[in-house]
Amino acid sequence: METCPQCGVIYARAALAQSQQRQAETVRYRVRVAAPEGNAPGFVERVGWYLCLSGAVLGGIELAWTFAKAESAPQQAAGAALALGLAAIPYCFARALQMLMRR
97 METCPQCGVI
107 YARAALAQSQ
117 QRQAETVRYR
127 VRVAAPEGNA
137 PGFVERVGWY
147 LCLSGAVLGG
157 IELAWTFAKA
167 ESAPQQAAGA
177 ALALGLAAIP
187 YCFARALQML
197 MRR
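By my numbering, the letter at position 51 of the sequence shown is numbered 147, and the numbering carries on one by one without gaps.
Here it is as structure tokens:
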């Protein structure tokens, strides 16, 4: 380690302090962009979760209609798979948006 002849600061400690300050500023910036009110979801995250909610409702309606109108087991299986897709795909999309906005 070297010491500055003019001010007496040890170079290794000063570099470490600057590195820690930069990391703290980066974390503050990420939090500010992702969630303007602390942990509250941003606009994009809310849109993703509304899509997820609408997909779950549509999936439930599709599942009920499938079991009411299907005449065979393959029709029921196809309808159940479609209902699951209507619910699962928007959920995965919302979680991906949430992770992208938080990190």
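Cβ coordinates follow ideal geometry from the N, Cα and C atoms, glycine included. In this text, all values refer to a predicted model and were calculated from it rather than measured experimentally.
Item, Value
"Nearest-angstrom Cα separation, counted from Cys148 out to Ala166", "26 Å"
"Sub-8 Å separation of Gly155 and Ala190 beta-carbons", "no"
"Contact check, Gly175 vs Thr162, beta carbons under 8 Å", "yes"
"Proximity of Met195 and Val140 at Cβ, strictly below 8 Å", "no"
"Three-way DSSP call (helix, strand, coil) for Gly138 in this model", "coil"
"Check whether Leu159 and Ala173 have beta carbons under 8 Å apart", "no"
"Unbroken alpha helix (DSSP H) run spanning Ala177, endpoints", "Ala169 to Arg198"
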